[in-house]
Amino acid sequence: MLTQALVLSAILFAVGTFGVLARRNAIIMFLCIELQLNAVNLALVAFSRAVGIDGQVFVFFVMTVAAAEAAVGLAIIISIFRHYETVNVDAFNLLKW
Amino acid sequence: MADILFFVFAAVSVGSAFGVVLARSPVGSLLSMVSTLASVAGIYILLEAHFLAAIQVMVYAGAIMVLFLFVIMLLNLGHDYQRDLKGWAASLILFGVTGAMAGVLATRIVGPGGAGELDALANATALDAELMEKGAVGIIAEPLFTRFVVPFEMVGILLLVAIVGALVLAKRRVS
C-alpha cells in the first residue's frame, strides 16, 4: 500500500499545484495550498510505515504550521479586501512592474 | 478489503480535489476540500495512523475549513459564480505541465530504485507491536515529548505569534 499511497500523494500535489497556478481567487489559491500540504502529509504518513514513527510527528508539526498559516493568510486577505473590494489576484498590482 | 477501501478513498479524494480546483462557487470548492480531507483521513486509518486521522478530521476539516468558510461568508463571496480560471490556453498548458510533474513523480516512485521499493513490511510489524503496546496517542506522544520537545515548544510560540499577527492584520484601523 506504500506505493499506491505515494502515487496518490503525487497526484493530489499536482492537482493542488494546478489550482494555485490556474485560479485567480486568492481564497481558492489558499485552499489549493492546503491541498498540497495535505498531499505531503500523506506521503510522510506512508513513509512512516517503512522508516519509523518520526514521519507522523512531522505531520503533527505540519498541521500546526498550516493552521497558523491559514489564520495569518486569511487575515491578510481580509485586510486586502478592505482596500480593493475584491479577492481576485489580478487586481493586486502594487508590486508589479 | 483494505485494498478496496483504499481505492474507494483514493478515488473520492482525487475526484473532490478536482472539485476544489474546478468548482464555480468558493463554497462548493470548500465543501469539496472537506470531502478530500475526510477521505485522506480514511487513508490515514488504513495506514494505521489513527491519531492523525482524528486530528485531520477535527483540526483540518473542522477548524481550518470553518475559518475559510467564515472568511468567504464575511467577504460575501458566496455569490461569485463565475469560474475564475485563467484563459483556456493558459489552463491547458498549466494542466500539461502539472500532469507531467505528477508523471515524473510517479515514475520516481514506481520505477526501479524508486521509493516504492522500500520494504514497508519489515518495519510495519515492529510498528504495529509498538502501537498495540502504547496505543494510538502514546506512540506519537512519546517521541513528541522527548526527542522533539524543543520543536514542540517552538510550535506553541509560533501559534501565539500567529494569533497576535492575525488580530493585528485583520483589525480595523483606529484613527
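These protein sequence lines are chains S and H, in that order.
Quick note: the first sequence uses our numbering, first residue 1, plus one each step.
Quick note: the second sequence uses our numbering, first residue 1, plus one each step.
Each residue gets a CB set at the ideal place from its N, CA and C atoms; glycine is no exception.
*Since Val72 of chain S contacts Gly156 of chain H with CB under 8 Å, what's their CB separation in whole angstroms?*
No, Val72 of chain S and Gly156 of chain H are not in contact; Cβ-Cβ is about 16 Å, not under 8 Å.
*asked:* Counting only Cβ pairs nearer than 8 Å, list the residues of chain A close to Thr98 of chain H.
replied: No chain A is present in this structure, whose protein chains are S and H.
*In terms of residues, what are the limits of the alpha helix (DSSP H) holding Thr146 of chain H?*
Unbroken run through Thr146 of chain H: none, as it is neither H nor E.
*Report the option in S:Phe58, S:Gln36 and S:Cys32 whose CA atom is closest to the CA atom of Leu44 of chain S.*
It is S:Phe58 whose Cα lies nearest to the Cα of Leu44 of chain S.
*Indicate whether Ile43 of chain H and Ala5 of chain S have their beta-carbon atoms separated by less than 8 Å.*
Their beta carbons are under 8 Å apart, which means Ile43 of chain H touches Ala5 of chain S by this criterion.
_Can you tell me whether Leu85 of chain H is helix, strand or coil according to DSSP?_
Reduced to three states, the DSSP call for Leu85 of chain H is strand.
*Does Val40 of chain S come within less than 8 Å of chain H when only Cβ atoms are used?*
no
*In terms of residues, what are the limits of the alpha helix (DSSP H) holding Thr64 of chain S?*
Asp54 to Tyr84
*Which residues in chain H sit within 8 Å of Phe81 of chain S, going by Cβ to Cβ distance?*
Leu75
*Sufficient close CB pairs (3 or more, under 8 Å) joining the region 96-105 of chain H to the region 28-48 of chain S*: no
*Endpoints, alpha helix (DSSP H) assigned at Arg173 of chain H*: Arg173 of chain H -> no alpha helix (DSSP H), and no H or E assigned at all.
_Could you pull the DSSP bridge partners for Asn93 of chain S from this structure?_
In DSSP, Asn93 of chain S forms no bridge with anything.
*Where Val57 of chain S meets chain H, residues with beta-carbon distance less than 7 Å*: Ile140, Pro143, Leu144 and Phe148
*Starting from Ala162 of chain H, find everything on chain S with Cβ-Cβ shorter than 7 Å and list it in chain order.*
Ala68, Ala71 and Val72
_Tell me which residues share the same chain as Thr3 of chain S and place their Cβ nearer than 7 Å to its Cβ, disregarding the 5 neighbours each side in the sequence._
none
*So who's on the other strand from Asn88 of chain S, going by DSSP bridges?*
S:Asn25
*Is Gln36 of chain S close to chain H, meaning its C-beta is less than 8 Å from at least one C-beta of that chain?*
no
_Do Met65 of chain H and Leu30 of chain H count as a contact pair if the criterion is CB distance below 8 Å?_
yes
*So what does DSSP say about Gly135 of chain H, is it helix, strand or coil?*
DSSP places Gly135 of chain H within a helical segment (H, G or I) once states are collapsed to three.
_Assess contact between the region 22-37 of chain H and the region 22-31 of chain S, defined as three or more Cβ pairs (one per stretch) separated by less than 8 Å. Is contact present?_
Enough Cβ pairs lie closer than 8 Å, so yes.
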